[in-house]
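K.L.:
Protein chains in written order, with the working numbering: chain A, 1 to 146; chain B, 1 to 146.
Protein chains: 2
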Amino acid sequence: MEIQEACVEACIAEAKASLAAGGVPVGSVLAKYDEIIARGHNRRVQDNAPVLHGEMDAINKAGRRSDYPALTLYTSLSPCMMCAGAIVQFKIPRVVILDATNFGGNEDFLRARGVAVHIIANAQMTAIMGDFIRDQPRLWNEDIAE
Amino acid sequence: MEIQEACVEACIAEAKASLAAGGVPVGSVLAKYDEIIARGHNRRVQDNAPVLHGEMDAINKAGRRSDYPALTLYTSLSPCMMCAGAIVQFKIPRVVILDATNFGGNEDFLRARGVAVHIIANAQMTAIMGDFIRDQPRLWNEDIAE
């Protein structure tokens, strides 16, 4: 598949917006080909909403629709078990991961259920997330339930 | 473990409240022993929030806390893949399922990850959910992504 650079940039912008608001810098985008359907970011700090990881916020904002199997999820950080489960449940067939260095482990769970996983190793996002984990380990551990 | 009847009743009350509001009748409760920490129900119709299944709504309402590994999740319907992933991600160690007849399939996923799964086959909840699936198949299929 073709990676849509505008979707990658939107994920990074969402992550940066969350960081600027004091939150966890994970951003996600749902796209249909090159059209952005919804974008979101982690809402733990901002909305006291622990289930609203970036991926979940984007899916929630996409709302009630029947075309999830035609969408691609771009996400700035590799999905946790909750978000991986959501991707499978909503039958989202493709995931583009900007950073699987700072967190990962559910890629094979997704692949085993037929999800195409593309890891693009975006250097800017990997640096932002690495800095966040180093600077705010307590918030990071809270968000990832460690 | 001991099943707390008040938590079972609260799940059913949440499911009924959702049904009365035109929504999907799934209710969930997070409890610490006999203390109800949070309760919630499916918000697809009411809030146009497809990720807020009953379990997710309850977890979200429990909010930022460190004691998820001390909680029990009661849920009126067996968890979908998204909710099962969330249970594992939040390290919730025990799940009480009122109805695994109308929907199920992720119990072994949970057990394989160390979650204790108790299916109590509540007749009232099983009847409510069965009626809903028969009466509103389109909404049910939408919610479960079929």
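Idealized CB from N, CA, C, for every residue including glycine.
Quick check on A:A147: does DSSP put it in helix, strand or coil?
P.N.:
Outside the shown range of chain A (1 to 146) lies residue 147 of chain A, about which nothing can therefore be said.
K.L.:
Name the DSSP beta bridge partners of B:H41, please?
P.N.:
The partner list for B:H41 (beta bridge, DSSP) reads B:G27.
K.L.:
What do you get for B:Y74, buried or exposed, if any count of 16 or more other CB atoms within 10 angstroms of its CB means buried?
P.N.:
Counting Cβ neighbours within 10 Å, B:Y74 comes out buried, since at least 16 surround it.
K.L.:
Using a Cβ-Cβ cut-off of 7 angstroms (strictly less than) and excluding sequence neighbours within five positions of B:P69, which residues of its own chain qualify?
P.N.:
Once the five neighbours on either side are set aside, the close Cβ partners of B:P69 are K91, P93.
K.L.:
Within 7 angstroms: the Cβ of B:I59 and any heavy atom of the ligand GDP?
P.N.:
Absence of the ligand GDP is noted for the structure shown, with no ligands found whatsoever.
K.L.:
Under a CB-based cut-off of 8 angstroms, is B:Q124 close to chain A?
P.N.:
No, B:Q124 does not count as interfacial toward chain A.
K.L.:
On the DSSP bridge list, what partners appear for B:I97?
P.N.:
Note: B:I97 sits in a beta bridge opposite B:T75, B:I119.
K.L.:
Using the beta-carbon of each residue, which ones in chain A are nearer than 7 angstroms to B:V88?
P.N.:
M81, listed in chain order.
K.L.:
Compare the C-beta of B:K16 against all C-beta atoms of chain A and say whether one is closer than 8 angstroms.
P.N.:
Not closer than 8 angstroms to any Cβ of chain A, the Cβ of B:K16 fails to qualify, so no.
K.L.:
Please compile the residues from chain A whose C-beta is within a distance smaller than 7 angstroms of the C-beta of B:M56.
P.N.:
By Cβ distance, chain A contributes V51.
K.L.:
Looking at C-beta atoms only, is the number of pairs between the stretch 72 to 86 of chain B and the stretch 94 to 103 of chain B that lie closer than 8 angstroms three or more?
P.N.:
As far as the Cβ criterion goes, the stretch 72 to 86 of chain B touches the stretch 94 to 103 of chain B, which means the pair count is three or higher.
K.L.:
Strictly below 8 angstroms CB to CB, what residues from chain A border B:Y68?
P.N.:
By Cβ distance, chain A contributes A145.
K.L.:
For B:K91, decide whether its Cβ has a neighbour in chain A, counting only Cβ atoms nearer than 8 angstroms.
P.N.:
True, the Cβ-Cβ gap to chain A drops below 8 angstroms.
K.L.:
Using only the alpha-carbon positions, how far apart do B:C11 and B:G40 sit?
P.N.:
Roughly 8 angstroms separates the two Cα atoms.
K.L.:
Would a check of beta-carbon distances place A:I36 closer than 8 angstroms to chain B?
P.N.:
False, the Cβ-Cβ gap to chain B never drops below 8 angstroms.
K.L.:
Chain B partners of A:A84, CB-CB under 7 angstroms?
P.N.:
Here the neighbours are G85.
K.L.:
Would the beta-carbon of B:L110 fall within 8 angstroms of that of B:I133?
P.N.:
Not in contact: B:L110 and B:I133 (Cβ atoms no closer than 8 angstroms).
K.L.:
Is it buried or exposed for A:A31, if we count other Cβ within 10 angstroms and need 16 for buried?
P.N.:
That one is buried.
K.L.:
Could you spell out where the alpha helix (DSSP H) holding B:V8 opens and where it closes?
P.N.:
5 to 20 is the extent of the alpha helix (DSSP H) around B:V8.
K.L.:
Check each candidate in A:V45, A:E5, A:R43 and name the one with the smallest Cα separation from A:E35.
P.N.:
Taking only the C-alpha atoms, the option nearest A:E35 is A:E5.
K.L.:
Beta-carbon within less than 7 angstroms of B:G130's beta-carbon, same chain only, minus the 5 sequence neighbours each way: which residues are those?
P.N.:
The residues are N102.
K.L.:
Could you please give me the residues that DSSP links to A:I36 through a beta bridge?
P.N.:
A:A31, per the DSSP bridge assignment.
K.L.:
Output the distance between the C-alpha atoms of B:G63 and B:E107, rounded to the nearest integer angstrom.
P.N.:
Distance between the alpha carbons of B:G63 and B:E107: 25 angstroms.
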